[in-house]
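Residue numbers (the working numbering), protein chains in the order written: chain Z, -9 to 289; chain G, -9 to 289; chain L, -9 to 289; chain F, -9 to 289. Glycine included, every Cβ here is placed at the ideal spot set by N, Cα and C. Just so you know, these numbers come straight off a predicted model, no measurement behind them.
Protein chains: 4
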Amino acid sequence: MKIAFIGLGNMGGPMALNLHKAGHTLSAFDLSADACRKFAAEGLPIANSAAATVDGAEVVISMLPASAHVDGLYFGSGEQAGLLEKIPAGTLVIDSSTIAAATSRKVAEAAAKRGIAVIDAPVSGGTGGAIAGTLTFMVGGEEADLERARPVLEKMGANIFHAGAAGAGQTAKICNNMLLGILMIGTSEALALGVANGLDPKVLSEIMRRSSGGNWALEKYNPMPGVMETSPASKNYAGGFGTDLMLKDLGLSQENAAAVRASTPLGGLARSLYAAHSLAGHGAQDFSSVIKLLQTKAN
Amino acid sequence: MKIAFIGLGNMGGPMALNLHKAGHTLSAFDLSADACRKFAAEGLPIANSAAATVDGAEVVISMLPASAHVDGLYFGSGEQAGLLEKIPAGTLVIDSSTIAAATSRKVAEAAAKRGIAVIDAPVSGGTGGAIAGTLTFMVGGEEADLERARPVLEKMGANIFHAGAAGAGQTAKICNNMLLGILMIGTSEALALGVANGLDPKVLSEIMRRSSGGNWALEKYNPMPGVMETSPASKNYAGGFGTDLMLKDLGLSQENAAAVRASTPLGGLARSLYAAHSLAGHGAQDFSSVIKLLQTKAN
Amino acid sequence: MKIAFIGLGNMGGPMALNLHKAGHTLSAFDLSADACRKFAAEGLPIANSAAATVDGAEVVISMLPASAHVDGLYFGSGEQAGLLEKIPAGTLVIDSSTIAAATSRKVAEAAAKRGIAVIDAPVSGGTGGAIAGTLTFMVGGEEADLERARPVLEKMGANIFHAGAAGAGQTAKICNNMLLGILMIGTSEALALGVANGLDPKVLSEIMRRSSGGNWALEKYNPMPGVMETSPASKNYAGGFGTDLMLKDLGLSQENAAAVRASTPLGGLARSLYAAHSLAGHGAQDFSSVIKLLQTKAN
Amino acid sequence: MKIAFIGLGNMGGPMALNLHKAGHTLSAFDLSADACRKFAAEGLPIANSAAATVDGAEVVISMLPASAHVDGLYFGSGEQAGLLEKIPAGTLVIDSSTIAAATSRKVAEAAAKRGIAVIDAPVSGGTGGAIAGTLTFMVGGEEADLERARPVLEKMGANIFHAGAAGAGQTAKICNNMLLGILMIGTSEALALGVANGLDPKVLSEIMRRSSGGNWALEKYNPMPGVMETSPASKNYAGGFGTDLMLKDLGLSQENAAAVRASTPLGGLARSLYAAHSLAGHGAQDFSSVIKLLQTKAN
């Protein structure tokens, strides 16, 4: 199967490589010449432009940073024509960017008028999951289109969820990541409060993990250094999922909440706390470093 | 073994009964004559006063509503002498009340001077766990005293954690319950946001449960009616753990946070949200009903 | 001077009438035929379309509900051409809608390329201020363009502030209204806490008003019924500035905060509290009714 | 009039000196020998103990750091007998400490049984107000007792408010200071958001001050350096009212809110934000420095 792949960043690059290694014929592109050179060196066939990738492609995949890039790619921006004018009817488009659900719906609707099928399929699992091919896809769109996409998605991920109609993949992702952002701060507060009272964070973590405070952060990703050998906290908060990425996802959740007039008191507060943590200079550290906001600053 | 048991409420009553059924010789008391009559009818030997229960007892257990009651019981109040003056040296005291850690430490210190061993052993698991004998005990105090208490605790509970020194049981419990209070509201926000965007709460729950949003509320206690047959949400929020009990525990966590100058932004906010929910008339409903604060009010 | 006026809602209608009464030659329009009929009856000359209003106008004023309407008006939507194509170079455009600063900047930039001057001039002061001609204008744009607009603005308002370059009027307004939303809830919390402790809300209001808690809500708009005869609280929260309008402005503030990665913990929380209050059925009541969220519900 | 004065800290010392300068006969004491020496050097008559100050005093004034100190002073602690046993019936006690309302009520009730009148009279106005004699007193207790105290209070303060019965002075103070803590953060958020959008903080401050965002912080105490020459912000946040003092008052407000089950979402959050700011090492700076939490950290 011939696949066009647009967007070769820290996530998109390894995803494209996994499709290439699985035997698909790829045509890939990124606006950054560096990114193109880097993945060309790993064997990925690089096209001269986004438009050039889609020639003869059955599937088009995009993995871009934000709503504006996806909007620009498919509808055009400035002199550049939109890709929807270039893609033939019958093609399947998989947009794996994490963007506003409204933008996903807008692309899907415009594409449908031209006979192009679009699913939104944002991922979780980080760069580690992208490299290992164990990402989780949260998909919005028609069931039939997801089934067409499944063999391709399975080369890049381990879990595929169908969240609902167009845009539902985006909504599921921001709901999940808003909750994750809350879990991490809540867990950090509980641990910091225990430690301030003289408790051992390992003991307290174990008690809560096996009680009603149990959650993914305690299970897989303890924010307190030394409690869990493999967590970013024990590696000086390197690697993992950056504070600024969590901040972006929480920003999307709040934009969405404002649009539908939902009440998200903890989610909105979490966004502001990660923002404060980023302003203090920790935007590039793993998001679990937010616990520093609750701890005495070492001098 | 002869055991004194003081406090026969919804939790203490069934706990005492389990000890009685396990073959211990009990002497029980509650200030409420109704409570005494009720458990006398179930076979529990009732004494005439708290002081009368401790005659010849090797172990004294108390299960009272709040710090002031525990303080009054052990140190006396008004005309009433404190129980510490009555309990012989060498006795083991197990206080299972959920109270301020500072009060637990105060009792333990005063008792130690008289040669009386005290552990704080607050529980989680609700009235269901009290009846079934499957409570979780979070214990503060000396390791050796916990070992003395263990055979007794095992008659009432399924999990026993040693959290640390005197008061650590209380601290572990309020840390855990603060986190639980946050998990429940965070999960409610994510579900309400998804539903406002047209997602099916069952589908979204399943996605988040298996992703990084996974937590005890999604696993055991989904707040959205109809998602989980056995959760209080599906029984009109009857039974379970009442909003006002969660509010009390979060109040203890904030009192503690103020005392040690800890920062608990989500925990403090959770307290105020449960308070608002209680003021709106839902104090007696299960705490997962807090999701109503985030939903359009049915008229 | 000939003035085109587009948007005859509760704010725009009275503003246009004040210009008409001041002797300007108006040509007005609203998409709602009802609104057109209503103000035609009051003597306002009504045009057949937005495009028709601008023929020969020296100044074009728009007063629309949200960013999407302003975008649609000036850039076109569907079959409808954008007004910027119709307005002659040299015209001054005053947009008094409360919308995203980004949209204001986009309109101003596109207009500048065609030689059209645009200022954003959102207002505060409510429908009362619109009728009385005592609105406050917060203006973004060139100083010279504000000076051109001043004689017109002075017919509709009592205070005119120059906040900065294009979009700055919008930013100043959402900053002010975010702060107002916080002041109102903060004041409500302080009063509710005092009352829960047995204090007289009149006495407490007077103490705080003259101390460091002093703020606009205590001075002009006390949220507790009976404290201030003229406040909406004393009129069953009728009139004033609706909860849903405050919710819209706080939504804009959070959208903006997400875009610039600002931390607004109280502002974000205020949005969610007004949202909860609206979901409970109080969206049309004055925003000071948010105090109900903190009070025992009368049954 | 002979006055006993106990507690010669940064507030109590200058207050006692003002009474001394006004011609009253004082007998003063502080547990810190340094404090006693310092004010002895300024001419204040120093007694050997708290108990010794009350001999022949018509009025007893206390100014202590926290509830525990006031409790210890009047009821005794350890070997030390309580001052209530020493003070003759008919004496007027003025406690100006900022403490829990419950402690104030407890002291007043116990004193009343001995024929001793007590008013709680916490102050605002800071060390500057203490030195200048321009403090604000918020008084709880009987009207007649306040009238007896008035001539003494007027030597130390410029404003005297009667908030209600015993404890009401404390409640009024924590309500006011909770609101102040909120105003300061809310104002900081609005200014930081404006600046992040390119606005001039002086211009934005002036707009909001004269609009519905107007509040004491914008009027007297702008948190942004350079906007107001006389504010602590323009003096590197030196002087003024320390972050840790605001944190203490907000802690009292949250302890009180938990006790009466009040909902204080913004007040509770404000406490946690000042706590985070203190943990980051700014506890001794003026509380308006909390704006740093919302700004890019200068490196």
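Per DSSP, residue 82 (chain G) is one residue of the beta strand (DSSP E) stretching across 82 to 85. From the listed residues Z:180, Z:254, Z:29, Z:155, the smallest Cα separation to residue 4 (chain Z) is found for Z:29. Boundaries of the beta strand (DSSP E) around residue 127 (chain Z): 125 to 130.
Under the three-state reduction of DSSP output, residue 243 (chain Z) falls in the helix class. For residue 167 (chain G), the enclosing alpha helix (DSSP H) begins and ends at 158 to 186. Remark: C-beta atoms of residue 86 (chain Z) and residue 114 (chain Z) do not approach each other more closely than 8 angstroms. By the rule that beta-carbons nearer than 8 angstroms mark a contact, residue 248 (chain G) touches chain F. When only Cα atoms are considered, residue 32 (chain G) and residue 83 (chain F) end up about 55 angstroms apart. For residue 95 (chain Z), not one C-beta of chain L is nearer than 8 angstroms to its own C-beta. By the rule that beta-carbons nearer than 8 angstroms mark a contact, residue 244 (chain F) touches chain G.
For the stretch 48 to 127 of chain F, the full-length alpha helix (DSSP H) segments reaching 4 residues or more read 57 to 65, 91 to 103, 116 to 122 along the chain. As computed with DSSP, residue 282 (chain G) is found in no beta bridge at all.
In the DSSP assignment, residue 228 (chain F) falls outside any alpha helix (DSSP H) and carries neither an H nor an E.
Straight through space, the alpha carbons of residue 96 (chain L) and residue 284 (chain L) are spaced by roughly 41 angstroms.
Against chain Z, the CB of residue 70 (chain F) has no partner CB under 8 angstroms away; the residue lies outside that interface. Proximity of chain G to residue 166 (chain Z) at the Cβ level (cut-off 8 angstroms) is accounted for by 180, 197, 198, 201, 202, 203, in chain order. Three or more beta-carbon pairs separated by less than 8 angstroms link the stretch 161 to 179 of chain L to the stretch 238 to 258 of chain L, which places the two stretches in contact.
Closest option to residue 264 (chain F), judged by alpha-carbon separation, among F:252, F:279, F:250, F:255: F:279. Its Cα nearest to that of residue 271 (chain L), the residue L:232 stands out among L:168, L:232, L:27. Residue pairing for residue 150 (chain Z): DSSP places it in a beta bridge opposite Z:127. Two segments are said to touch when three or more pairs of C-beta atoms, one from each, lie closer than 8 angstroms; by this definition the stretch 113 to 132 of chain G does not touch the stretch 184 to 194 of chain G. Your pair residue -3 (chain L) and residue 73 (chain L) does not check out as a contact, with CB atoms roughly 12 angstroms apart and the cut at 8 angstroms. Taking the CA atoms as reference points, residue 89 (chain L) sits about 15 angstroms from residue 2 (chain L).
With a threshold of 8 angstroms between beta carbons, residue 104 (chain L) makes no contact with chain Z.
Counting along the chain, no alpha helix (DSSP H) covers residue 15 (chain Z); the unbroken beta strand (DSSP E) around it starts and ends at 15 to 19. Taking C-alpha positions only, residue 183 (chain G) is separated from residue 202 (chain Z) by approximately 23 angstroms. Using a CB distance below 7 angstroms, the part of the stretch 260 to 288 of chain Z facing chain F consists of 266, 269, 270, 271, 283, 284, 285, 286, 287, ordered along the chain. Of all C-beta pairs linking the stretch 18 to 25 of chain G to the stretch 222 to 231 of chain Z, fewer than three are shorter than 8 angstroms, placing the two stretches out of contact. Using a Cβ-Cβ cut-off of 8 angstroms, residue 254 (chain F) counts as an interface residue toward chain L, since at least one Cβ of chain L sits closer than that to its own. In chain order, 184, 187, 189 make up the part of chain G whose C-beta sits under 7 angstroms from the C-beta of residue 161 (chain Z). Assigned with DSSP and collapsed to three states, residue 234 (chain Z) falls in helix. Residue 248 (chain L) sits in a helix when the DSSP states are folded into three classes. In the assembly as shown, residue 11 (chain L) is an exposed residue. Its beta-carbon has fewer than 16 other beta-carbons within 10 Å. Chain G places a beta carbon closer than 8 angstroms to that of residue 237 (chain F), counting this residue as a contact.
In the three-state scheme derived from DSSP, where H, G and I count as helix and E and B as strand, residue 8 (chain Z) is classed as helix. If you look at residue -8 (chain G), you'll find it in the beta strand (DSSP E) that goes -8 to -4.
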